[in-house]
Amino acid sequence: MRALVVTHLDLDREPNQRTQHMLHMLAGHCEEVVVLYSVRAQGRGWRGLLHDALRHEVQPRTEGRLHYLRVHPWLNYAQALAHGLDDGMPDQPPTARPRRWLADLLSSAGALRDLAWLHGMRAAARRHAGGHFELALADGPWAGLVARGLQRQGRIGRLVYDDMDHVGGGQRLAWRRRWIERIEQRLVRQADVAVSAGPELAALRQRATGRQPAVLPNGADLARFAPPPVRTPHPPTALYMGRLEAARGVDLAIAAMARVRARLPQARLLVLGDGEPAYRQRLQLQVQALQLADAVQLLGPVPHARLPRWLREADVGIAAFRLSEQGRYAMPLKVAEYMAAGVPVVCTAGSAAAGWVQRTGAGLTSPFEADALADAILQLLQDPQRHAAARQAGLAAAQELAWPQVTARMWQLMQPAA
0 MRALVVTHLD LDREPNQRTQ HMLHMLAGHC EEVVVLYSVR AQGRGWRGLL HDALRHEVQP
60 RTEGRLHYLR VHPWLNYAQA LAHGLDDGMP DQPPTARPRR WLADLLSSAG ALRDLAWLHG
120 MRAAARRHAG GHFELALADG PWAGLVARGL QRQGRIGRLV YDDMDHVGGG QRLAWRRRWI
180 ERIEQRLVRQ ADVAVSAGPE LAALRQRATG RQPAVLPNGA DLARFAPPPV RTPHPPTALY
240 MGRLEAARGV DLAIAAMARV RARLPQARLL VLGDGEPAYR QRLQLQVQAL QLADAVQLLG
300 PVPHARLPRW LREADVGIAA FRLSEQGRYA MPLKVAEYMA AGVPVVCTAG SAAAGWVQRT
360 GAGLTSPFEA DALADAILQL LQDPQRHAAA RQAGLAAAQE LAWPQVTARM WQLMQPAA
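Going by numbering that gives the first Met the number 0, the first residue of the sequence shown is number 0, and it counts up by one from there.
#1: I need the boundaries of the alpha helix (DSSP H) containing Thr236, first residue and last residue.
#2: Along the beta strand (DSSP E) that carries Leu271, what are the first and last residues, could you check?
#3: Taking the straight line between their C-alpha atoms, what separation do you get for Leu306 and Arg230?
#4: Please classify Ala318 as buried or exposed, where buried requires at least 16 neighbouring CB atoms within 10 angstroms.
#5: Excluding five sequence neighbours on each side, which residues of the same chain lie with their C-beta closer than 8 Å to the C-beta of Leu394?
#6: Using only alpha-carbon positions, find the residue among Gln170, Leu284, Tyr239 and Gln283 that is nearest to Leu268.
#7: Going by C-alpha to C-alpha distance, which of Leu53, Arg126, Arg112 and Gln19 sits closest to Leu65?
#8: Are Asn217 and Arg17 closer than 8 Å when you measure CB to CB?
#9: Using the C-alpha atoms, what's the distance from Ala254 back to Ala292?
#10: What does DSSP give as the partner residue(s) for Glu31 in the beta ladder?
#11: Taking the alpha-carbon of Tyr328 as reference, which of Val345, Trp174 and Ala353 has the nearest alpha-carbon?
#12: Count the other CB atoms, across all protein chains shown, that sit within 10 Å of the CB of Pro403; report buried if there are 16 or more and exposed otherwise.
#13: Can you look up Gly139 in the DSSP assignment and give me helix, strand or coil?
#14: So, is Leu284 buried or exposed, given that buried needs 16 or more other C-beta atoms within 10 angstroms?
#15: Taking the C-alpha atoms as reference points, what is the distance between Arg206 and Gly167?
#16: Cβ-heavy atom distance between Glu312 and the ligand ATP below 7 Å?
#17: The beta strand (DSSP E) that contains Pro59, what's its start and end?
#18: Would DSSP call Leu263 helix, strand or coil?
#19: Using a Cβ-Cβ cut-off of 7 Å (strictly less than) and excluding sequence neighbours within five positions of Pro93, which residues of its own chain qualify?
#20: How about Leu186 and Arg157: do their beta carbons lie closer than 8 Å?
#21: What do you reckon, are the CB atoms on Pro198 and Arg204 nearer than 8 Å?
#22: How long is the line joining the alpha carbons of Arg12 and Gly299, rounded to whole angstroms?
#23: Taking the Cβ atom as the reference point for each residue, do Trp309 and Leu271 lie within a distance shorter than 8 Å?
#24: CB Leu289 to CB Ala257, shorter than 8 Å?
#25: Identify, in the order they occur along the chain, each residue of the same chain with its Cβ nearer than 7 Å to the Cβ of Pro235, setting aside the five sequence neighbours on each side.
#26: Which runs of the beta strand (DSSP E), 3 residues or longer, sit entirely within the stretch 320-408?
Spelled out as structure tokens, the structure:
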């Protein structure tokens with residue numbers, strides 16, 4: 000059997016994504032797996048933007064049964080450039096309005112980029128991935144459109160659409176949001192198998208399409224994240240790991256830490272991750288303004304293999320993000336990894352992640368407010384019994400989230416009905 004995996008993720012820069020676990024599972028079942036993915040451009044400034052926008056290339060490589068096609072399509076300028084101009088914060092001063100208008104213009108131009116991406120990926124598939132594929136896995140709307148087009152041409156047999164995220168809900172402009180939501184709904188209806196990352200996202204798709212996708216949560220590497228028998232002594236510690244973006248609410252966690260320190264002076268916050276320069280600078284200025292230099296450590300990007308080292312010093316894992324239409328349905332990998340590490344979680348109430356935490360008992364939820372988040376953190380830091388109960392609940396729930404179990408379930412879903 001030959002399988003095709005199409006993804007919008009840059010698999011070189013995002014080493015622990017759901018899709019990577021799926022493609023390695025497919026390599027264990029198929030004679031050949033072709034992986035079609037795109038590069039995430041990093042160029043800044045006009046020269047870098049022009050270089051990335053005017054370049055198109057495909058770089059193939061082979062690793063065992065996995066044949067990768069690394070595509071740099073036309074108009075592939077730096078992702079989230081609009082958010083680099085407008086960091087997404089609701090309290091921007093009036094002087095920032097021109098930057099926001101320019102960000103809106105770039106977001107509109109993103110439709111051209113999307114079309115160029117589709118054309119580039121389809122061209123790469125035609126030229127470098129010949130023959131017929133009995134099975135294809137596509138994650139997200141753009142990858143789904145590429146795979147669906149190949150299926151209509153007779154190149155693909157069975158199409159599995161992995162609905163990992165509500166991509167349409169993350170768009171800054173209403174017309175783009177409606178456009179992408181229609182694409183997502185169309186793919187859920189037309190794919191041979193539709194899989195959503197959480198029950199809330201699956202319910203959203205069912206309301207819009209009349210079709211109920213299967214639910215398959217994100218997983219975690221239980222062996223890598225397993226807590227040690229004896230923990231290293233450390234101050235009371237909250238930890239955030241992931242992208243540094245306004246939508247992820249890292250600024251709220253810092254504001255909450257100022258309130259936590261008023262009641263627990265030895266507490267600290269560790270922030271692991273990288274993001275847009277404008278938002279990183281905003282966080283640094285916020286730490287200085289709140290006089291939290293001794294309490295908040297912005298540690299920058301940390302390789303995935305080194306995350307367990309920091310989780311061993313964490314008592315609370317933060318997953319508090321703004322309730323955008325995308326964030327409301329997100330099932331972050333970090334929540335599964337917090338659970339696997341025995342770190343109780345605090346999530347924003349009303350989100351799919353909060354529903355996950357409530358169903359398992361692995362932590363607490365709070366409104367997206369600094370005082371409420373501080374209270375939730377303090378409850379876990381200052382109540383040993385509550386902390387121990389959430390820790391044990393998270394560890395128990397994580398036993399069903401081992402990546403081999405999650406990917407085996409996906410393989411079962413991929414099979415034709417008897």
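For each residue, glycine too, the CB sits at the ideal point set by N, CA and C.
Let me spell this out:
#1: Note, Thr236: premise wrong, no alpha helix (DSSP H); beta strand (DSSP E) at Thr236 to Met240.
#2: Arg267 to Leu271
#3: 15 Å
#4: buried
#5: Pro226, Met338, Ala339 and Gly341
#6: Tyr239
#7: Gln19
#8: In contact: Asn217 and Arg17 (Cβ atoms closer than 8 Å).
#9: 13 Å
#10: Arg1
#11: Ala353
#12: Result: exposed.
#13: coil
#14: exposed
#15: 15 Å
#16: As presented, the structure is devoid of all ligands, the ligand ATP included, so that no description of it is given.
#17: Run containing Pro59: Glu56 to Glu62, per the beta strand (DSSP E) assignment.
#18: coil
#19: Note that Pro93 has pLDDT 45, beneath the 50 cutoff, so the model's placement of it is unreliable and no number is given.
#20: A distance of 8 Å or more separates the beta carbons of Leu186 and Arg157.
#21: For the 8 Å CB-CB criterion, Pro198 and Arg204 do not form a contact.
#22: 15 Å
#23: yes
#24: yes
#25: Leu263, Gln265, Ala266, Asp314 and Leu380
#26: 344-347 and 362-365
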